[in-house]
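If you want the working numbering, it's the 1-based position in the sequence shown plus 149.
Even glycine gets a Cβ: it sits at the ideal position worked out from N, Cα and C.
Keep in mind it's a predicted model, so treat the numbers as computed, not measured.
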Amino acid sequence: MKFGTKAIHAGQEPDPTNGAIMTPIYQTSTYVQESPGNHKGYAYARGKNPTREALQQCIAALENAKHCLCFSSGMGAIDAVAKLLNPGDEVIATDDLYGGTYRMFTKVFARFGIKFHFVNMQEAHNIKNYINNNTKLLWVETPTNPTCRIIDIKACASIAQEHGLLLAVDNTFASPFLQNPLDMGAHIVMHSVTKYLSGHSDVIMGALCVNDDKLFDDLAFIHNSCGAVPGPQDSFLVLRGLKTLHIRMERHCFNGRKVAEFLRNHPKVDKVYWPGFTDMPNYEIGASQMRDFGGMMSFTLKQDSKEAAFKLASNCKVFSLAESLGGVESLIGHPASMTHASIPKEEREKSGVTDSLLRLSVGIEDIDDLLLDLAQAIDA
Ligand SMILES: *Cc1c(COP(=O)(O)O)cnc(C)c1O
């Protein structure tokens with residue numbers, strides 16, 4: 150089956166009792182057993198819920214994965230991956246990382262004796278300088294957040310293979326419509342389902358996709374033991390959102406290109422970070438591992454101050470000033486004071502997150518309104 154068909158049908162059969170075409174919201178915590186241990190595969194809803202099962206199968210199908218587990222948030226999913234590790238283990242992670250991931254690694258798991266290296270992976274061979282006998286996991290984000298750097302997933306996979314490491318890719322920015330890291334040799338794909346997969350800014354959820362059965366068993370054990378599972382209502386909302394993922398992504402990509410080109414030609418704009426520009430570093434790699442370039446971008450102003458950026462952001466009327474991304478509505482954010490506020494200034498400036506940097510999540514509104522809005526906000 151092709152992507153759009155899987156987005157609508159994978160994991161979802163008409164309800165056997167009455168033919169309902171939409172997967173029911175199984176709002177139950179437990180299931181009646183015939184005799185102790187004799188049940189229909191469902192014993193307690195932390196372990197298994199039919200609405201969640203349908204969703205997990207659908208996301209797995211979209212990532213060409215054998216297995217998927219959904220979590221109560223993207224951070225819950227990352228937490229489960231980190232819990233595969235033991236004290237003394239080391240992780241090599243992208244330096245231009247989602248702020249919450251950086252915070253969890255440095256403020257939570259570092260306390261449990263896990264060591265993290267944050268490395269510029271634009272040149273994948275840089276990773277090798279940090280590998281030693283304790284290295285267990287490569288944590289990669291591509292395109293990165295917010296400066297849209299491209300990291301070569303296949304090159305990371307071959308380094309992981311050579312050194313016996315796990316490769317996990319946070320695929321939130323690309324979504325499975327644009328990029329399937331498992332097909333390129335990654336072992337784990339992570340999503341903040343909150344973003345493109347859900348797509349309507351009404352759910353917090355995470356997911357992990359894997360092919361390996363043993364890895365799946367280990368993660369499923371953590372999932373059930375630690376308990377960061379999503380509820381059936383949210384699972385239903387995401388199943389519903391997924392049905393239009395392919396259509397939404399096409400429009401995100403179309404609008405994204407128009408907005409990126411508009412900004413690049415604007416005299417008051419300095420740099421524009423969008424992976425679809427042919428002169429971006431690693432453009433060729435991005436073009437080969439992604440099907441299109443999406444609607445995430447960031448830009449800086451020639452008047453490089455926090456005040457100028459704040460003014461622009463608050464002048465926008467169609468773009469809403471908010472954290473998050475990937476919903477149908479366009480958002481503008483100021484990473485240095487919002488999503489990346491937990492990263493020290495020196496650290497974030499190294500990866501381009503300067504004071505005037507603004508991030509856009511270009512939504513699927515009419516492109517003319519988006520361009521008019523940015524034009525008036527920049528000139529106001
Ligand atoms: C939002 C986000 C997360 C965290 O996901 P939550 O659903 O907010 O917990 C992780 N990685 C990236 C790239 C994100 O954008």
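Cβ of residue i within 8 angstroms of any heavy atom in ligand 1?
i           : result
residue 354 : yes
residue 344 : yes
residue 319 : yes
residue 474 : yes
residue 258 : no
residue 290 : yes
residue 223 : yes
residue 294 : yes
residue 422 : no
residue 503 : no
residue 243 : no
residue 250 : yes
residue 322 : yes
residue 337 : no
residue 175 : no
residue 180 : no
residue 341 : yes
residue 227 : yes
residue 247 : yes
Check whether the Cβ atoms of residue i and residue j sit closer than 9 angstroms, and answer yes or no.
i           : j           : result
residue 263 : residue 270 : no
residue 322 : residue 358 : no
residue 447 : residue 508 : yes
residue 459 : residue 526 : no
residue 491 : residue 251 : yes
residue 223 : residue 420 : no
residue 444 : residue 404 : yes
residue 510 : residue 479 : yes
residue 286 : residue 240 : yes
residue 381 : residue 161 : no
residue 388 : residue 207 : yes
residue 294 : residue 346 : no
residue 231 : residue 258 : yes
residue 290 : residue 319 : yes
residue 362 : residue 215 : yes
residue 340 : residue 226 : yes
residue 192 : residue 200 : no
residue 470 : residue 489 : no
Can you round the beta-carbon distance between residue i and residue j to whole angstroms, since I take them to be within the 8 angstroms contact cut?
i           : j           : result
residue 379 : residue 220 : 7 angstroms
residue 237 : residue 283 : 6 angstroms
residue 385 : residue 166 : So it is not a contact: roughly 17 angstroms between Cβ atoms.
residue 504 : residue 455 : 4 angstroms
residue 308 : residue 273 : 7 angstroms
residue 301 : residue 352 : 32 angstroms between Cβ atoms; not a contact.
residue 152 : residue 349 : Rounded, the Cβ-Cβ distance is 19 angstroms, inconsistent with contact.
For the alpha helix (DSSP H) that contains residue i, what are its first and last residues?
i           : result
residue 223 : 223–231
residue 305 : 302–312
residue 523 : 516–528
residue 384 : 381–391
residue 207 : 199–211
residue 372 : 362–375
Could you check where the beta strand (DSSP E) with residue i kicks off and where it finishes?
i           : result
residue 218 : 216–220
residue 317 : 315–319
residue 418 : 418–422
residue 482 : 480–482
residue 396 : No beta strand (DSSP E) holds residue 396; the alpha helix (DSSP H) holding it covers 394–413.
residue 243 : 239–243
residue 449 : 445–450
residue 508 : 507–510
residue 250 : Careful: residue 250 lies outside any beta strand (DSSP E), inside the alpha helix (DSSP H) at 248–252.
residue 290 : 284–290
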